[in-house]
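J.:
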Amino acid sequence: MQVFPNLPISLSSLHNSPFVIGPPITEPSQFFGREYILKRIFDVWKYMPLQHIAIVGLKRSGKTSLLHYLRRIIDVSTEQLRPNQRHDWLTPGYQWVFVDFQDPRMCYQESLLRHILIELDMPIPEPCDLIGFMEVIDQYLETPSIILLDEIGAGLTSPDLDEQFWWGMRSLGSNHAGGKLGFLFTAHQPPEEMIVDDNKPSPFFNIFGHVLNLGAFTKNEAIDFIASSPQTFADTDIEWILEQSGCWPALLQILCHSRLTALEENQSVENWQTEAIHRIKPYLYLLKQ
Ligand SMILES: Nc1ncnc2c1ncn2[C@@H]1O[C@H](COP(=O)(O)OP(=O)(O)OP(=O)(O)O)[C@@H](O)[C@H]1O
Ligand SMILES: [Mg+2]
29 MQVFPNLPIS LSSLHNSPFV IGPPITEPSQ FFGREYILKR IFDVWKYMPL
79 QHIAIVGLKR SGKTSLLHYL RRIIDVSTEQ LRPNQRHDWL TPGYQWVFVD
129 FQDPRMCYQE SLLRHILIEL DMPIPEPCDL IGFMEVIDQY LETPSIILLD
179 EIGAGLTSPD LDEQFWWGMR SLGSNHAGGK LGFLFTAHQP PEEMIVDDNK
229 PSPFFNIFGH VLNLGAFTKN EAIDFIASSP QTFADTDIEW ILEQSGCWPA
279 LLQILCHSRL TALEENQSVE NWQTEAIHRI KPYLYLLKQ
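This is the structure in structure tokens:
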């Protein structure tokens, strides 16, 4: 009997899933909507010195997906996008660093600072501490660079990211790095409500002058998303999905997935709608916004 070795699967031969339920969107071609907030964000970053932005959104509102889009969209090639999908928001050449504070390694100064320097392609000082980090940034940062801090609330609870650390970040964001360093964070509450360990407001958050709320899609954005289904949905289904989802992307993904599966399996309308309503139940708090 002939034994075949395990051949590695080529990722480029795999297609993107039509609907993504659970994980954030990481491929720009699967990111929909958000025209208004994207314009507001990129309009801020068109100008130097770079200014800092806070994105406030509920759980499942689409914060992480937005950050992945921001860091990839400017430099992605048009073949990797949907036809007519916009990507000329900024001139190419910015550097992007994504920090996920839900990753425990990002809650330690040393590994966080090392991660940022690796992403910025900069020398790593030994030891990689706050002083060394600030010196490297001061000395080597030439290109406008944006640091995207996802779920900063988790970072604030870390004892290793102490007040001095946040003062250091504030200093870097206050023209220390020649205005070439911009920060954006996501959180569940606005900057003025962010507090550190000892219940004091952190000085870092005073530099976030632009505060944007992440809401639902507009109706047109939701319709555009639904139309991306590989099988066309009937108008009555589209209306039902729009109404039940309140145009929230997380709910649209679940409902469209249910509809598509039902079409593929020839399920009755009543069946798939009951199942779909059950699936979105944990996220109905979004509709109260
Ligand atoms: N712009 C978008 N286009 C399409 N789908 C989206 C978009 N934004 C979010 N989604 C969908 O909504 C779901 C939640 O998105 P995401 O994980 O980005 O939200 P979050 O606010 O970071 O959630 P959490 O609070 O759980 O971290 C994802 O499964 C994703 O499929
Ligand atoms: Mg998230």
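For the sequence shown, this note's numbering begins at 29 and goes up steadily by one. Don't be surprised by glycine CBs; every beta carbon is placed ideally from N, CA and C.
Using only the alpha-carbon positions, how far apart do Val84 and Leu200 sit?
T.: Here residue 84 corresponds to residue number 56 of the sequence shown, with the count starting at 1. Here residue 200 corresponds to residue number 172 of the sequence shown, with the count starting at 1. Computed Cα separation, rounded: 22 Å.
J.: Name, in chain order, the residues that DSSP records as bridge partners for Phe245.
T.: As a first step, residue 245 is located in the sequence shown; it is residue number 217 there, counting from the start. BP columns for Phe245 are empty, so no partner.
J.: In three-state terms, what does DSSP make of Asp149?
T.: For the purposes of this step, residue 149 is identified with residue 121 of the sequence shown, where counting begins at 1. Residue state, collapsed to three classes: coil.
J.: Please classify Val239 as buried or exposed, where buried requires at least 16 neighbouring CB atoms within 10 angstroms.
T.: Taking the first residue of the sequence shown as 1, we reach residue 239 at position 211. Exposed, since its Cβ has fewer than 16 Cβ neighbours within 10 Å.
J.: On the three-state DSSP scale, how would you describe Leu212?
T.: Numbered from 1 along the sequence shown, position 184 holds the residue referred to as residue 212. If DSSP states are grouped into helix, strand and coil, Leu212 belongs with the strands.
J.: What residue does the alpha helix (DSSP H) around Ile308 start on, and which one ends it?
T.: Position 280 of the sequence shown, counted from the first residue, corresponds to residue 308. Where Ile308 is concerned, the enclosing alpha helix (DSSP H) stretches over Val297 to Ile308.
J.: So Phe126 packs on Leu158, CB below 8 Å; how close in whole Å?
T.: For the purposes of this step, residue 126 is identified with residue 98 of the sequence shown, where counting begins at 1. For the purposes of this step, residue 158 is identified with residue 130 of the sequence shown, where counting begins at 1. Between Leu158 and Phe126 the Cβ distance is about 20 Å, and since that is not below 8 Å, they are no contact.
J.: Pull up the CB-CB distance for Glu63 and Glu249, whole angstroms please, since I reckon it's below 8 Å.
T.: For the purposes of this step, residue 63 is identified with residue 35 of the sequence shown, where counting begins at 1. For the purposes of this step, residue 249 is identified with residue 221 of the sequence shown, where counting begins at 1. Correct: roughly 7 Å between the Cβ atoms.
J.: Leaving aside the five residues before and after Gln272 along the sequence, list all residues of the same chain whose C-beta is less than 8 Å from its C-beta, in chain order.
T.: As a position in the sequence shown, residue 272 is number 244, starting the count at 1. Leu279, Leu283, Ala304, Ile305 and Ile308, listed in sequence order.
J.: In terms of residue numbering, what span does the alpha helix (DSSP H) encompassing Phe193 cover?
T.: Taking the sequence shown and counting its residues from 1, the one referred to as residue 193 is at position 165. That run of the alpha helix (DSSP H) goes Glu191 to Ser199.
J.: What residue does the beta strand (DSSP E) around Trp117 start on, and which one ends it?
T.: Mapped onto the sequence shown, residue 117 falls at position 89. It is not in any beta strand (DSSP E) - Trp117 carries neither H nor E in the DSSP assignment.
J.: Helix, strand or coil: how does DSSP classify Trp276 here?
T.: Here residue 276 refers to the residue found at position 248 of the sequence shown. DSSP places Trp276 in coil when its eight states are reduced to three.
J.: Let's see if you can read the secondary structure: which residues bound the beta strand (DSSP E) around Ala340?
T.: A query on residue 340 cannot be resolved here, the shown segment of the chain reaching from 29 to 317 and no further.
J.: What would DSSP say about Ile254, mapped onto helix, strand or coil?
T.: Within the sequence shown, residue 254 is the residue found at index 226, counting from 1. If DSSP states are grouped into helix, strand and coil, Ile254 belongs with the helices.
J.: Using DSSP's beta-bridge definition, name the partner residues of Asp178.
T.: Position 150 of the sequence shown, counted from the start, is the residue given in the question as residue 178. Its beta-bridge partners are Asp128.
J.: Can you name, in chain order, every residue of its own chain whose Cβ lies under 6 Å from the Cβ of Trp319, other than the five neighbours on each side?
T.: The structure shown has nothing for residue 319, since the chain only spans 29 to 317.
J.: To the nearest whole angstrom, what separates the beta carbons of Ile53 and Ser93, a pair I think is in contact under 8 Å?
T.: As a working note, residue 53 is residue 25 in the sequence shown. As a working note, residue 93 is residue 65 in the sequence shown. At roughly 4 Å, the Cβ-Cβ gap stays under 8 Å, so Ile53 and Ser93 are in contact.
J.: Just reading off the alpha helix (DSSP H) that Gln167 is part of, what are its end residues?
T.: For the purposes of this step, residue 167 is taken as residue 139 along the sequence shown, with counting starting at 1. Here the alpha helix (DSSP H) through Gln167 covers Leu158 to Tyr168.
J.: Per DSSP, what are the beta-bridge partners of His238 in this structure?
T.: Here residue 238 refers to the residue found at position 210 of the sequence shown. His238 pairs with Ile81.
J.: Work out the CA separation of Ile266 and Pro172 for me, nearest whole Å.
T.: Translated into positions along the sequence shown, residue 172 becomes position 144. Translated into positions along the sequence shown, residue 266 becomes position 238. Approximately 42 Å between the Cα atoms of the pair.
J.: Could you check where the alpha helix (DSSP H) with Ser93 kicks off and where it finishes?
T.: Walking along the sequence shown from the start, residue 93 turns up at place 65. Lys91 to Ile101 is the extent of the alpha helix (DSSP H) around Ser93.
J.: Would you say the beta carbon of Thr92 is closer than 6 Å to some non-hydrogen atom of ligand 2?
T.: As a first step, residue 92 must be located in the sequence shown, where it is residue number 64. Yes, the beta carbon of Thr92 sits closer than 6 Å to at least one heavy atom of ligand 2.
J.: Could you tell me which of Ile180, Arg68, Gly274 and Ala290 sits nearest to Gln217, measuring between CA atoms?
T.: What you label residue 217 is simply residue 189 of the sequence shown in a count that begins at 1. When only C-alpha atoms are compared, the closest one is Ile180.
J.: Please name the residue, chosen from Ala290, Arg198 and Arg68, that lies closest to Gln259 on a Cα-to-Cα basis.
T.: Within the sequence shown, numbered from 1, the residue matching residue 259 stands at position 231. The shortest C-alpha separation from Gln259 is found at Ala290.
J.: Can you tell me where the alpha helix (DSSP H) with Glu63 in it begins and where it stops?
T.: Residue 63 sits at position 35 when you count from the first residue of the sequence shown. Segment Glu63 to Trp73, the alpha helix (DSSP H) holding Glu63.
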